[in-house]
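Numbering of the sequence shown is given in the numbering used here, commencing with residue 2 and proceeding in unit increments. Just so it is clear, CB atoms sit at the ideal spot from N, CA and C, and this is done for glycine as well. To keep things clear, I will list the structure first and then write my remarks on it.
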Amino acid sequence: MKQLLDILSGNVPGGIYLYLVLFATLFFIFFYFYKTSELFTRRHFIRWFVGSWVVLTLLYAYVWWRNFPEEYFLKRYSIYVQAHSPEDNQWAYFLRDELSERTAPQKNRWTYFFPQRWFYYARLDCQADSTRCLHVIQTLPIETVLRIQIAKNKEGALEAEVVLQENGQDVSERQRFRIDPSNPFATVQKIIQWGKNSFPFRENAVLTPLQDPLQIRARDAFYRGEYEQSYRLFRQALSKS
Numbered sequence: 002m003k004q005l006l007d008i009l010s011g012n013v014p015g016g017i018y019l020y021l022v023l024f025a026t027l028f029f030i031f032f033y034f035y036k037t038s039e040l041f042t043r044r045h046f047i048r049w050f051v052g053s054w055v056v057l058t059l060l061y062a063y064v065w066w067r068n069f070p071e072e073y074f075l076k077r078y079s080i081y082v083q084a085h086s087p088e089d090n091q092w093a094y095f096l097r098d099e100l101s102e103r104t105a106p107q108k109n110r111w112t113y114f115f116p117q118r119w120f121y122y123a124r125l126d127c128q129a130d131s132t133r134c135l136h137v138i139q140t141l142p143i144e145t146v147l148r149i150q151i152a153k154n155k156e157g158a159l160e161a162e163v164v165l166q167e168n169g170q171d172v173s174e175r176q177r178f179r180i181d182p183s184n185p186f187a188t189v190q191k192i193i194q195w196g197k198n199s200f201p202f203r204e205n206a207v208l209t210p211l212q213d214p215l216q217i218r219a220r221d222a223f224y225r226g227e228y229e230q231s232y233r234l235f236r237q238a239l240s241k242s
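This is the structure we're talking about:
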């Protein structure tokens, strides 16, 4: 209840309590005229009281909106992973999902995690159409983004370039981590260690990573809503093991 009153008060001087006092004052003033003056009829009472109340409410709403406390705006943070080459998409899915599973779902009731796979609900594939996904990130907006770009270096080794961004601006140094296809979870652990002081990772999350390429693709198919494809890939992964 207190939080609701704080929200309704915003940064208006006197807050909702001043509004209620003015509302009561208007009511008693016009009610007094209605009871003591023959010229101030019931029709006048309703018209003047309702009109004054509407003006008071609009004025209060204007001041409240212009000074709305920033801490009550919904804020989001996310992990955005993109592969430079389609052949490396599975490692983008792997880092996206394993890091997301190890991220706190919310910092507080106003700041929550926006998983990259939610773009699938809007029929957006960020590996195929990164421009539209980045546009959504800017317009929602998603204020804090851990951006990861997967590409091969000059030696042909797979690397993940990681940077933390706030409102589209880098707020950390760019860091590169080698991805070992035989043990990709080691990269997840290194990224968590690198960003744990500035991004809400859950270090104590006890989860078994899916490192098999077929399982990675099967999980992504499931998130896309391609359940038959997901089932087939999981069956292949199980039969192979």
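The C-beta distance from Ala105 to Phe114 rounds to 7 Å, short enough to fall under 8 Å.
Per DSSP, Phe235 is one residue of the alpha helix (DSSP H) stretching across 228–241. The count of Cβ pairs closer than 8 Å, one atom from the segment 64–82 and one from the segment 36–51, stays below three, leaving the stretches out of contact. As summarised for the segment 82–118, the continuous alpha helix (DSSP H) elements at least 4 residues long and confined to that stretch are 90–102, given in chain order. Arg220 sits away from Tyr121, with the two beta carbons spaced by 8 Å or more.
Taking 8 Å as the cut-off, the Cβ atoms of Val172 and Ile192 do not count as close. Boundaries around Ala161 are those of the beta strand (DSSP E), 159–167, since no alpha helix (DSSP H) includes it.
A check of alpha carbon separations from Thr188 across Glu174, Ala161, Phe202, Leu211 identifies Ala161 as the nearest. Proximity to Gln128 across Val137, Asp98, Pro87 peaks at Pro87, based on C-alpha coordinates. Listed as beta-bridge partners of Ala152 by DSSP are Glu160. The beta carbons of Arg77 and Ile143 sit closer together than 8 Å. Distances from the alpha-carbon of Arg133 to those of Asn154, Tyr81, Asn198 put Tyr81 closest.
Taking a C-beta distance under 8 Å as the contact criterion, Ile217 and Leu208 do not qualify as a contact pair. Residue ranges of uninterrupted beta strand (DSSP E) with 3 or more members, entirely inside the segment 164–220 and ordered along the chain, are 176–179. Sequence-distant Cβ neighbours of Phe235 in its own chain, meaning closer than 6 Å and more than five residues away, are Ala219. Nearest to Ser183 by alpha-carbon distance, out of Glu156, Gly169, Pro214, is Pro214.
If you draw a straight line from the Cα of Lys197 to the Cα of Val22, it comes to about 48 Å.
With a 10 Å radius around the Cβ and a threshold of 16 neighbouring Cβ atoms, Thr145 comes out buried. For Gln128, no alpha helix (DSSP H) segment is defined, and its DSSP state is neither H nor E. For Leu100, the closest alpha carbon among the candidates Tyr18, Ala152, Phe200 is that of Phe200.
By the neighbour-count definition (other C-beta atoms within 10 Å, threshold 16), Phe202 is a buried residue. Leaving aside the five residues that flank Tyr20 on each side, the residues in its chain whose CB is nearer than 6 Å to its CB run, in chain order, Tyr61. Around the beta carbon of Tyr63, a 10 Å sphere encloses fewer than 16 other beta carbons of the protein chains shown; the residue is thus reported as exposed. Between Gln194 and Ile151, the beta carbon gap of about 19 Å keeps them out of contact (Cβ cut-off 8 Å).
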